[in-house]
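Comments concern the structure below.
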Amino acid sequence: MERSEQELVRRDNLTKIRELGIEPFPAATFPITHLAKEINEKAEFGEDNMSTNYQEVTVAGRLMARRIMGKAAFASIQDSSGRVQIYVSRDDIAPGEDKALYNTLFKKLLDLGDFIGVTGHVFKTRTGETSIHVKEFTFLGKSLRPLPVVKTDDEGKVYDAFSDLELRYRQRYVDLIVNPKVKEVFLKRTKLVTAIRTFLDGMGMIEVETPILQAIHGGAAARPFATHHNTLDMPMYLRIANELYLKRLIVGGFDAVYEFSKNFRNEGMDRTHNPEFTAIEFYVAYKDYNWMMDTTENMLECIIKAVNGGDNAKVMADEHEINFTGPYRRLPMADAIKEFTGEDINGADEDELRAIAKRLHVALDKTMGRGKIIDEIFGDHVEAKLIQPTFITDYPVEMSPLTKKHRSKEGLVERFELFVNGKEIANSYSELNDPIDQRERFEEQVELANRGDDESMPMDEDFLRALEYGMPPTAGIGFGIDRLVMLVTGQKSIQEVLFFPQMKPEA
RNA sequence: GAUCCUUUAGCUCAGCUGGUUAGAGCAUCUCACUUUUAAUGAGAGGGUCCUGGGUUCGAAGCCCAGAGGGAUCACCA
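So in the working numbering, spot 19 of the first sequence is number 19, and the numbers just go up one at a time.
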């Protein structure tokens, strides 16, 4: 492998550090006392510009900038919290005759990106920047590749930003080091997940783990990733959803379960789809989809506030300010179509629906049934217009093989999806618990599969057996975590909210 | 899978209609500098111009094929 000039210099520096008798990759614990951020935020200063509360601090991190002025230098150390400036003077770190620690190690052999630890007192410079006056300096780890050097001026303007998307995604570690805003997005993601867990735990739900490797892929309409179990000599699938397993646990007597589920779908990739993505699903016995709408409003309001901090339940998405304070509008699908297109689909048979679709310039193909046609009309004319959180309720039965039939509306099911900023972020039903009805729905799915639909659900006899033992009336819901994070962080691409998005292999 | 855009130094980018030895800033190297902060001043090095063919006296730039990335679309969450 060809190494660049800068890499060669760094390897040469590594050797020379060893020759100085310094281990460039030391093993021992380094006792950090403070983080950069707390020093910058909490340091107090006396008349002499010396810190009164930070007389001796020890910090560690990467050297990210260095400005050498002969016998003294300023540099920046970046740790997990941010950056702090350090001031290094030759005679302070090398008080004796031997000035090698400063002249050789600090000035020559140290490269940007190296890990160092420093101990010293905090003071304020002439220009007013909080800094650490270093008296002890420890080498903690060598960086053999040059990081992109991103500079920011007084006005916060960024120069030479590390912005190549391919490099940022393939080398997320570099992205995280040099682009602090990227780190903020992922910290928000963690906050969001934690807030959801806290909310659900607070409702008394049990967090569970169900199989990712499944013999029968159920619970959603999608193409699975297929693999093979050698010992059992049988095909297996990475889960496309965990729904059927969570329902088995409701059968088993848990009243309320949830799982953060990594799901895998073998389909196209774009800025809202990654082959591997995260959902949160929860199922609660003796509840219906109306209760679930109430709960969804409470949960979203609560978690958005937690992520934003304080009492703010609003996020900016594109140009829209979205308010997650409940209650949200609840709009039956047929009413939504009427509102946005003027067409009434209530009671329309397939031929009438086709005529409506034609008037609305919705492209159809011959294989589509009633449910699919309605879904197409909705997708083309309504979905993008649902900006503030809106529950669309009461879907056609054909699209929802795991959903209980509507208690009063013929041909519909008790299902809702939550739309925000023109995109679906949650899908929920009153769960179908009639095993005889469920078997018929599976049979319809199998029929679709026989006609070539590779996204239909396979028959799951064990799941039916569980339902035959009896499942209480139950409400369930699934949220797409990645899309929720995109919404909360204002990101337009799923790749910006996944640490390691799927990429094609490097050449 | 389709269409369009894109790929030049470690990073961010110029590079005209095809014409000397492919440029800049940062980074790197050498020298100077004890309160700088996009540090500064002086000098230097660094290139598979994504890959492979072709056209041409001559290709980073044109043509063909391929790869990576992005956008839009289709499928989907």
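Positions of the beta carbon are idealized from the N, C-alpha and C atoms, including for glycine. Computed from a prediction, not measured in an experiment: that's the story for all the values here.
Asked                                                                                                                                                                                        : Found
Please tell me whether residue 62 and residue 115 are closer than 7 Å, where the distance is taken between their beta carbons.                                                               : yes
Are at least three pairs of beta-carbons, each pair with one atom in the region 282 to 294 and one in the region 474 to 486, less than 8 Å apart?                                            : yes
What do you get for residue 311, buried or exposed, if any count of 16 or more other CB atoms within 10 angstroms of its CB means buried?                                                    : exposed
Which residue or residues does DSSP assign as beta-bridge partners of residue 139?                                                                                                           : 116
For the structure I just gave you, are there three or more beta carbon pairs, one from the region 124 to 132 and one from the region 147 to 159, closer than 8 Å?                            : no
Tell me the DSSP bridge mates of residue 14?                                                                                                                                                 : According to DSSP, which records beta bridges pairwise, residue 14 is partnered with nothing at all.
Rounded to whole angstroms, what is the Cα-Cα separation between residue 486 and residue 418?                                                                                                : 15 Å
Using DSSP bridges, identify the partner residues of residue 322.                                                                                                                            : 315
Looking at the strands, I want to know which residues DSSP matches up with residue 264.                                                                                                      : 276
Where residue 195 and residue 362 are concerned, what is the direct C-alpha to C-alpha distance, given to the nearest angstrom?                                                              : 40 Å
Extract the residue ranges of the alpha helix (DSSP H) inside the region 160 to 192, only unbroken runs of 4 or more that lie entirely within it.                                            : 165 to 170 and 172 to 178
How is residue 111 classed by DSSP in three states: helix, strand or coil?                                                                                                                   : coil
Look up residue 236 in the DSSP assignment and say whether it is helix, strand or coil.                                                                                                      : strand
Could you give the uninterrupted runs of the beta strand (DSSP E) lying entirely in the region 21 to 98, keeping only those of 3 residues or more?                                           : 57 to 69, 72 to 79 and 82 to 89
Please classify residue 54: is it buried, with 16 or more other beta-carbons within 10 angstroms of its beta-carbon, or exposed?                                                             : buried
If you count every other CB in all the chains shown that lies within 10 Å of the CB of residue 436, and 16 or more means buried, which is it?                                                : exposed
Between residue 223 and residue 454, is the Cβ-Cβ spacing less than 7 Å?                                                                                                                     : yes
Should the region 443 to 460 be called in touch with the region 415 to 434, which here means at least 3 C-beta pairs below 8 Å?                                                              : no
Does the distance from the CB of residue 133 to the CB of residue 87 come in under 7 Å?                                                                                                      : yes
Hey, residue 289 and residue 463 are a contact pair by Cβ (cut 8 Å); roughly how many whole angstroms apart?                                                                                 : Between residue 463 and residue 289 the Cβ distance is about 20 Å, and since that is not below 8 Å, they are no contact.
Can you give me the C-alpha to C-alpha distance between residue 457 and residue 433, rounded to a whole angstrom?                                                                            : 17 Å
Could you check whether the region 90 to 101 touches the region 145 to 152, counting it as contact only if at least three pairs of C-beta atoms, one from each stretch, sit closer than 8 Å? : no
Which residues bound the alpha helix (DSSP H) around residue 381?                                                                                                                            : 370 to 381
Along the chain, which unbroken stretches of the beta strand (DSSP E) at least 3 residues long are found entirely within the region 389 to 465?                                              : 390 to 396, 412 to 420 and 423 to 430
Buried or exposed: residue 108, going by 16 or more other Cβ atoms within 10 Å of its Cβ?                                                                                                    : exposed
Could you tell me whether the region 235 to 246 touches the region 205 to 222, where touching means 3 or more Cβ pairs closer than 8 Å?                                                      : yes
Consult DSSP for residue 226 and reduce its assignment to one of helix, strand or coil.                                                                                                      : strand
So what does DSSP say about residue 480, is it helix, strand or coil?                                                                                                                        : strand
Does DSSP put residue 348 in a helix, in a strand, or in coil?                                                                                                                               : coil
Can you tell me whether residue 329 is helix, strand or coil according to DSSP?                                                                                                              : strand
In this structure, does DSSP put residue 295 in helix, strand or coil?                                                                                                                       : helix
For the alpha helix (DSSP H) containing residue 3, name the first residue and the last one.                                                                                                  : Premise fails: residue 3 is in no alpha helix (DSSP H) and is neither H nor E.
Please say whether residue 75 and residue 30 have beta carbons closer to each other than 7 Å?                                                                                                : no
What's the gap between the Cα of residue 25 and the Cα of residue 69?                                                                                                                        : 28 Å
Among 64, 343, 259 and 140, which one has its Cα closest to the Cα of residue 481?                                                                                                           : 259
Report buried or exposed for residue 106, applying the criterion of at least 16 other Cβ atoms within 10 angstroms of its Cβ.                                                                : buried
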